[in-house]
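Participant: Yeah, the sequence shown ends on 612 if you go by our numbering, and it's all consecutive. By construction, the Cβ of each residue, glycine as well, lies at the ideal position given by its N, Cα and C atoms. One structure follows; several queries about it will come next.
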Amino acid sequence: MVFFYKIRGGPCKGELSHITLRQEDVICYVGRDKYENEALIAHGWPGDIWFHVDSVSSAHVYFRLNYDVAAAHHGNDQIPLTGAIPMDCLPENSIEDMMQIVKHNSIEGSKMASAKIVWTPHSNLKKNFDMEVGQVTYHDTKLCRYGRCHKDRARIKALEKSKSIDHTDIDLYAEKKKNERALIERRKQHKKSLARKGDGDDGLFDPIELDRKLTLYKQTRQGDEQSGIDKGVAALESLALGDPSVIFPPAFSNGDRLQNTTNPNSEGKNDSENTPIWKREYELNDHDYGDNEMALFLLERGYPRSSVVEVMRQMRTATNVEALRKLWFGLGNFPQAESLRPEINHEELLAARQEEKEVLEAIFGEDVEWIAIDNCESETSPKFILDLSVPITTYVPPERYHHESDPPPELRLEVYASPTNYPFGNEAPVLALVGGGIPQEYLHKMTVQLHEEASMKATEEEPGSPYLFTLLTHVGEMWESIVEEERAAVVKANEEARKARIDALREQQAEHQASFAQSGETSTQSIPIPSSGKFATEHERRAYAASVVAKSRSGRPANDQSNSSNPLLTKDKKYYDSGVSDASLIDDLFS
């Protein structure tokens, strides 16, 4: 039913640092397919640690302590009675071997240069009725740990040699019940031992189980978002009342022009708030530079408009790659290849590039796109045998980058080796990032960081040593921090816009009331509704609503002093007052 691997042990960390596990103290087992994974999910032990490639399909790999063997060697008083090693105490060698196994047993993950691995206690796995066979999620993501695994062919080969045959005679349910009975017996013996010492506390605290119960309790208190008041709140949120982005979209590098980008087929309706930034930037660039291929080429790779305009002014007859090369080297003090090694043997250069090309083809397969550079004769020319585009396989675009449920173009790294002497001459190739739905400003930040990393590699590596794979790994790791920085900027911009909108409404209301006070009229007069029944702007609609609220609050007009001294004349006269609670509710609605 399952496969078993022999993985390395090692010294545990944290509170169990006094224990050094041996290979025989650890059990590593893997499900053969999704149906067996389903059985492992249902019958896993509480102390098991589950490993999986994050965000892609892979085998389910489990770490389990072989309690009987470990306790016999280390002593019952050294090994936790629960038969579990906390995930933060696992030996580093064991974690590394588990990550190599789970990556190797993933169709997509095995093709990646490096993969992000997640592990969590089996008790944290959550299975819903609407999930597919073998699919799980988590009760609490705070109980997940992550690590990056780089392919280690030598270690994978050693692990595959230790792989057992497919065991089909294992009764997972019976094994689970046997472990539960053994755990109960160990607890009884431990309590008896404590009773003889006069201590009634068994000291077996399980923080994983407590966190899981607290998470379930919190979910119950928060509701299911499908019925009752949860459904009503969700419906109100869908109306986008008080959403500052409706009036004040986030500020972008191109200012109001991005905010006012409209669809020519929408009959004048502005739906830009539902369009991701990268889509609006693409439409704006196409509108301004639709006939300039070089400008569009450079803007798509994140370079600022000011830099693009300047390089086009200086290089009117240059090719796209020549202009890109100038901008790339303009990011820092890169040494020029011509001054370093003019005697480079092009046959040696071709051999080095050919070898690296074969490695990249083996890793990425059909995902590699070979780029034909302008003014090159054939694809076998030594000048551009290493000009290529490869996907960043670890990149996962956030939902806000999707356009009408369609994901953005994949993030790719472009390599232009022919304008340089890479891998000789202490000079890195020209690199560019394109796609991913990442806004131009942040794509440029990634390019600057990539330039710094490439500059360092160019000076550290020996001439002729390839390091494109290292740069690919660097991009695969840095995108998360850049995307998070962009998200934080959007949140901040939305909050500032919200405050500006509230201040504008308050100022408009104050001016409105002051104008009526000067004219001697009641300040609660409403702004008239347009004859068309529609307001020209969102500000007008909200100002009208604010005036209605002010009128309902005022009750009796402040300047109406008639008959105030005669209670008999005012007894039957009633003034409408919405009350404090209603006013507060309306304030919340319009703020």
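1) Using DSSP bridges, identify the partner residues of E435.
2) Measuring CB atoms only, is the stretch 161 to 175 touching the stretch 31 to 40, in the sense that at least three cross pairs come out at less than 8 Å?
3) DSSP state of D307, grouped into three classes?
4) Check Q243 in the structure and name its three-state DSSP category.
5) Using only the alpha-carbon positions, how far apart do P578 and A538 sit?
6) Sort out for me which residues DSSP pairs A136 with in a bridge.
7) Does the Cβ of D427 have 16 or more other Cβ atoms within 10 Å, making it buried, or fewer, making it exposed?
8) Tell me whether G31 sits in a helix, a strand or coil according to DSSP, three-state version.
9) Measuring straight from C-alpha to C-alpha, what distance separates F350 and R508?
10) Between F445, N447 and L409, which has its C-alpha nearest R433's C-alpha?
11) So the candidates are R53, A195, Y416 and Q470; which of them puts its Cα closest to the Cα of G456?
12) Could you have a look at H95 and say whether DSSP puts it in helix, strand or coil?
13) Report buried or exposed for R374, applying the criterion of at least 16 other Cβ atoms within 10 angstroms of its Cβ.
14) Identify the continuous alpha helix (DSSP H) that holds R326 and give its terminal residues.
15) When burial is assigned at 16 or more other CB atoms within 10 Å of the CB, is H143 buried or exposed?
16) Please name the residue, chosen from I459, D69, Q335 and L493, that lies closest to V504 on a Cα-to-Cα basis.
17) On the CB-based measure, 16 or more other CB atoms within 10 Å of its CB, does D54 come out buried or exposed?
18) Short check: CB of L471 to CB of L493, under 8 Å?
19) Counting pairs of Cβ atoms below 8 Å between the stretch 463 to 479 and the stretch 313 to 320, do you hit three or more?
20) Just how far apart, CA to CA, sit D46 and F150?
21) Using a Cβ-Cβ cutoff of less than 6 Å, which residues in the same chain neighbour N114 once the five nearest sequence positions on both sides are dropped?
22) With C-beta atoms as the reference, is Y324 less than 8 Å away from L348?
23) What is the DSSP secondary structure of F445, counted as helix, strand or coil?
24) I'd like the span of the alpha helix (DSSP H) that includes Y56, first residue to last.
25) Terminal residues of the continuous beta strand (DSSP E) containing Y463?
Facilitator: Here's the rundown:
1) Looking at the DSSP output, E435 shares a beta bridge with S410 and A453.
2) Cβ pair count under 8 Å is below three, so no.
3) Three-state result, D307: helix.
4) With a pLDDT of 49 at Q243, under the threshold of 50, the modelled position of that residue is not reliable, and the figure given next carries that caveat. In the three-state DSSP reduction, Q243 falls in the helix class (H, G or I).
5) Any answer about P578 is weak, because its pLDDT of 44 lies below 50 and its placement is not dependable; what the coordinates show is given next. So the alpha carbons of these two residues sit roughly 11 Å apart.
6) Answer by DSSP bridge pairing, in chain order: C170.
7) That one is exposed.
8) Of the three classes helix, strand and coil, the one that applies to G31 here is strand, per DSSP.
9) Taking the straight line joining both Cα atoms gives about 29 Å.
10) Closest option to R433, Cα to Cα, is L409.
11) Selected option, being the one with the closest Cα: Y416.
12) H95: helix per DSSP, three-state reduction.
13) Taking all protein chains in view, the Cβ of R374 is crowded by 16 or more other Cβ atoms within 10 Å, so the residue is classified as buried.
14) R326 to Q335 is the span of the alpha helix (DSSP H), which, as asked, contains R326.
15) H143 is buried by the Cβ-count criterion.
16) Closest option to V504, Cα to Cα, is I459.
17) D54 should be labelled exposed.
18) No, these two residues do not count as a Cβ contact at 8 Å.
19) Not touching, per the Cβ criterion.
20) Going by the C-alpha atoms only, they are around 36 Å apart.
21) Sequence-distant partners of N114 (beyond 5 residues in either direction) whose C-beta falls short of 6 Å from its own C-beta, in its chain, are R29 and G31.
22) In this structure, Y324 lies near L348, with their beta-carbon atoms less than 8 Å apart.
23) Per DSSP, reduced to three states, the secondary structure at F445 is coil, with no helix or strand assignment.
24) Segment K55 to H64, the alpha helix (DSSP H) holding Y56.
25) Taken as a continuous stretch (DSSP letters only), Y463 belongs to no beta strand (DSSP E), being part of the alpha helix (DSSP H) at Q461 to E481.
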